[in-house]
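Scroll down for the structure; my scribbles are underneath it.
There are 2 protein chains.
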Amino acid sequence: MKKVSEALGIVLEFSGKLGSETVSMDAALGRVLAEDIRANRDLPPFDVSAMDGFAVRSADLPGTLLIVEDIKAGDIPKIALEAGQCSRIMTGAALPKGADAVIRVEDAKQISADTVQMDIKTRPGHDVRLRGESMKTGDTVLNTGTEITPGAIGILATVKAKSFRVFRRPTVAILSTGNELESIDDPVDPCKIPDSNSHALMAQVQALGMTPRMLGIARDDPIELERHLRLGLESDVLLVSGGTSVGLHDYVRPTMEKLGIDMKFWRVSMKPGHPLAFGVLERSEGSRTLVFGLPGNPVSSMVCFEQFVAPSMRSMTGNTRPYHRTVTARLGQPIAMKPGRTEFVRVTLASDEQGYLAVPTGTQSSGVLLSMARADGLMVLPAECSGLPAGARVTVQLLDGTAFQDATGYIE
Amino acid sequence: MKKVSEALGIVLEFSGKLGSETVSMDAALGRVLAEDIRANRDLPPFDVSAMDGFAVRSADLPGTLLIVEDIKAGDIPKIALEAGQCSRIMTGAALPKGADAVIRVEDAKQISADTVQMDIKTRPGHDVRLRGESMKTGDTVLNTGTEITPGAIGILATVKAKSFRVFRRPTVAILSTGNELESIDDPVDPCKIPDSNSHALMAQVQALGMTPRMLGIARDDPIELERHLRLGLESDVLLVSGGTSVGLHDYVRPTMEKLGIDMKFWRVSMKPGHPLAFGVLERSEGSRTLVFGLPGNPVSSMVCFEQFVAPSMRSMTGNTRPYHRTVTARLGQPIAMKPGRTEFVRVTLASDEQGYLAVPTGTQSSGVLLSMARADGLMVLPAECSGLPAGARVTVQLLDGTAFQDATGYIE
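Chains C and P, in that order, are what the protein sequence lines are.
Taking the working numbering, the leading residue of the first sequence gets 1, the next gets one more, and so forth.
Taking the working numbering, the leading residue of the second sequence gets 1, the next gets one more, and so forth.
Here it is as structure tokens:
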């Protein structure tokens with residue numbers, strides 16, 4: 001049985017970034033740049049005003065100045081300032097020759113149509129943005145490997161990069177297995193278990209910005225299973241839900257091995273989720289499929305996805321922040337546990353003046369999906385932990401959004 | 001000039017949730033339920049095994065038991081256990097009559113084809129999941145107002161809710177204004193400013209799961225501006241970038257007033273971003289457009305979006321967590337500031353054993369979009385703050401993802 005960190009290490013070893021493709025700006029959010037982006041201009045293009053106000057010679061202040069020009073953003077100033085002169089200027093407009101500072105409109109008192117009184121001192125450069133302060137032509141403004149956030153989109157628009165290279169996102173197929181499963185399209189049969197896993201996994205993949213291919217349910221029949229697995233192996237990632245425990249009726253393991261999938265591990269020392277399998281099929285030079293055998297239990301399946309599949313898929317997209325963001329919290333109630341496996345406890349987060357309080361979401365029975373839907377995060381309890389008192393400092397992985405970081409952030 | 005909390009209160013007063021619409025499960029992630037979802041079955045449908053192992057009569061243990069049946073998930077057990085008997089059972093399979101506990105396969109030693117030795121004690125209910133433990137027919141499993149997370153999708157799939165009512169998302173239009181702006185499709189003109197705001201705003205809207213309508217650039221001409229504004233006023237939200245400062249060449253304000261937009265405020269006491277305007281056009285009974293006049297400065301525009309527009313739009317979708325999640329951090333370096341306005345300082349977050357360390361991202365000059373692209377969050381410094389030493393405890397709003405919470409989480 002592998003430790004969580006060991007298992008994660010193996011998974012990430014095979015989760016190198018994929019090739020690149022061109023994407024247009026409006027479809028680029030969340031992708032990762034596969035090329036350096038360079039500035040195509042100086043910004044600001046001249047020394048410009050940072051405020052609406054008056055361009056002045058700083059040495060003239062305090063004083064009453066003659067307004068010699070109105071300069072709007074986009075105008076080229078015509079009049080060089082001489083002693084005792086100023087120009088009315090808009091934010092972003094070019095400073096006239098002679099000016100070295102800007103006085104904001106709130107700090108100036110207009111005393112006639114063309115004179116303004118300023119009672120304050122200033123210094124050269126005050127409220128002036130210098131040419132090239134934001135970017136200089138040819139500068140690399142965004143590096144390969146940068147995640148495309150809204151701020152990055154702003155920069156791409158600034159340099160008119162309407163399309164650019166990003167790393168490809170993995171294609172993902174989802175397969176459920178088991179005779180006991182009932183598809184969402186089947187009528188209710190109390191002897192069967194509704195297949196929730198493939199839909200929850202779909203949503204987990206969607207939350208990463210990707211669209212999975214849904215392969216449905218393969219029955220416990222080696223031929224049907226093999227046919228489904230072959231379809232799934234055309235993708236970069238294949239998620240197989242259920243069927244990887246040690247039970248007698250398990251057709252999955254022999255079929256996976258028959259298909260040439262090199263299984264790296266079958267169990268991980270964690271709770272929930274220890275029957276987690278991982279294998280690799282090398283399809284051709286530089287092209288492989290990662291196969292995750294996720295536990296059939298709905299909560300275990302979701303927890304294993306977030307611990308292993310999400311970091312793997314984010315790494316494949318070139319993202320250097322594959323792990324869910326963690327926060328520190330105080331434990332809201334004492335908790336007992338059996339040492340031995342790393343536990344991921346579903347919690348809600350409440351806030352008080354001392355920070356976050358983590359409270360386990362009702363029953364932690366791994367069958368109870370409601371506790372997962374209600375959780376803000378997973379509290380990670382190290383394997384050697386045998387319980388914690390209320391108020392203990394704990395690490396909580398955020399699951400209520402898409403904040404990620406560059407290290408797991410917890411002690412196993 | 002409004003305080004941030006005052007301005008936010010006014011915005012949210014007009015950001016009530018919109019009507020509802022039907023959505024299919026595969027397009028529902030991130031939406032908010034507009035109906036209660038009820039269980040259509042008991043789960044588990046019977047008392048079932050939580051493990052692969054042996055169904056036993058707890059009173060028989062420790063002991064050597066006769067295996068009388070193999071029960072797979074989906075089977076109906078045929079043989080009631082008598083003293084000294086057990087059934088081999090799979091996870092999720094129904095317990096046979098007479099059985100009251102399950103011994104996992106690891107804790108049993110098979111000593112012949114049909115006998116198994118168990119050296120441990122157990123108690124009734126051990127590794128058994130009781131009928132209806134997860135859900136009972138008719139129970140409300142998800143309430144109106146629940147955000148649809150992957151866990152919620154799992155529950156919706158469990159009860160076969162293939163489509164359901166969710167609150168409508170606002171339609172959003174984005175308009176840039178100003179003669180100085182150069183569109184992404186124009187050639188570079190050093191006298192002009194590339195329009196990055198409308199693209200960054202596009203991405204900010206996309207990050208909330210919505211697709212904006214891009215209205216392009218309106219020049220400083222009252223007729224052109226009015227025409228563009230009228231188009232934008234067909235949406236639930238209209239974002240107007242630039243043009244709302246107090247400058248001479250501002251056509252936006254009179255045109256907005258002419259169009260019947262009831263302007264609620266024009267400035268907010270924050271940095272960056274104080275020239276932030278907000279107005280409401282009541283179009284008809286229960287139908288209105290919220291108009292945000294965002295600062296022309298790219299960073300200010302982005303910060304104002306996250307502080308005001310994102311909470312407004314999330315509230316309209318029925319989400320009760322409109323605010324970006326905050327974390328506590330230590331300040332990585334001393335910081336000086338002028339008291340008077342609430343400051344939102346762009347920071348990166350690093351981790352050490354004491355938690356997060358917040359470090360301002362280089363220049364905080366509001367023109368420098370790079371510092372926004374690099375930021376993990378915004379450190380919020382209260383208005384009365386006149387500076388902080390290194391190591392001071394600060395509040396940081398996460399911007400590197402989509403984690404949200406139900407309160408702003410900072411002191412203004």
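All C-beta atoms in this analysis are idealised placements derived from N, C-alpha and C, irrespective of residue type, glycine included.
Whole angstroms is fine: what's the gap from residue i's alpha carbon to residue j's?
i, j, result
"P/L208", "C/T122", "43 angstroms"
"C/G92", "P/S386", "28 angstroms"
"P/T140", "P/N40", "10 angstroms"
"C/V246", "P/G30", "With a pLDDT of 46 at C/V246, under the threshold of 50, the modelled position of that residue is not reliable, and the figure given next carries that caveat. Taking the straight line from one Cα to the other gives about 36 angstroms."
"C/A310", "P/Q85", "44 angstroms"
"P/R393", "P/E353", "15 angstroms"
"C/H249", "P/G53", "Because C/H249 sits at a pLDDT of 48, beneath the cut-off of 50, its placement in the model cannot be relied upon, and the following sentence gives the value as read from the coordinates. If you take the alpha carbons of C/H249 and P/G53, they lie about 12 angstroms apart."
"P/L18", "P/P170", "7 angstroms"
"C/L349", "C/Y356", "6 angstroms"
"C/L215", "P/V23", "22 angstroms"
"C/V11", "P/T402", "26 angstroms"
"P/G132", "P/P45", "6 angstroms"
"P/S312", "C/R57", "44 angstroms"
"C/F265", "C/V252", "14 angstroms"
"P/R213", "C/S176", "39 angstroms"
"P/G63", "C/H274", "28 angstroms"
"C/G98", "C/E82", "7 angstroms"
"C/A383", "C/G242", "25 angstroms"
"P/V237", "C/R341", "50 angstroms"
Quick one: what does DSSP say residue i is sitting in, helix, strand or coil?
i, result
"C/C86", "strand"
"C/R457", "Residue numbering for chain C in the displayed model covers 1 to 412; residue 457 of chain C lies beyond these limits and cannot be assessed."
"C/L248", "In this prediction, C/L248 has a pLDDT of 39, which is less than 50 and means its spatial position is unreliable; what the coordinates show is noted afterwards. Note: C/L248 maps to coil in three-state DSSP."
"P/H324", "strand"
"C/M202", "helix"
"C/M263", "strand"
"C/V128", "strand"
"P/G409", "coil"
"C/S58", "helix"
"C/D107", "helix"
"P/P360", "strand"
"C/M51", "coil"
"P/K2", "strand"
"P/T91", "coil"
"C/G387", "strand"
Using 8 angstroms as the limit for Cβ to Cβ distance, is residue i near chain P?
i, result
"C/M372", "yes"
"C/I120", "no"
"C/K109", "no"
"C/Q204", "yes"
"C/D400", "yes"
"C/R341", "no"
"C/H199", "yes"
"C/P254", "no"
"C/L29", "yes"
"C/A173", "no"
"C/D114", "no"
For a cutoff of 8 angstroms on Cβ pairs, would you count residue i as touching chain C?
i, result
"P/A157", "yes"
"P/D195", "yes"
"P/F292", "no"
"P/H249", "At P/H249 the pLDDT is 48, less than 50, meaning the model places this residue with poor confidence; the figure from the coordinates comes in the next sentence. At least one chain C Cβ lies under 8 angstroms of P/H249."
"P/P207", "At residue 207 of chain P the sequence reads Ala, which differs from the Pro that was named. With 8 angstroms as the cut-off, P/A207 counts as an interface residue toward chain C."
"P/K258", "no"
"P/L33", "no"
"P/T361", "no"
"P/R123", "no"
"P/V246", "With a pLDDT of 46 at P/V246, under the threshold of 50, the predicted position of this residue should be treated as unreliable, though the coordinate-derived value follows. P/V246 counts as touching chain C."
Can you tell me where the alpha helix (DSSP H) holding residue i begins and where it ends?
i, result
"C/Q307", "That residue, C/Q307, is in no alpha helix (DSSP H); it is neither H nor E in DSSP."
"P/M210", "Element bounds for P/M210: n/a, residue is neither H nor E."
"C/T158", "150-158"
"P/S371", "369-374"
Taking the beta strand (DSSP E) that residue i falls in, what are its first and last residues?
i, result
"P/T402", "No beta strand (DSSP E) holds P/T402; DSSP gives it neither H nor E."
"P/T419", "This structure does not reach residue 419 of chain P, given that chain P is present from 1 up to 412, and the question cannot be answered."
Checklist entry - Fully enclosed by the region 6-48 of chain P, which alpha helix (DSSP H) runs are 4 residues long or longer? => result none
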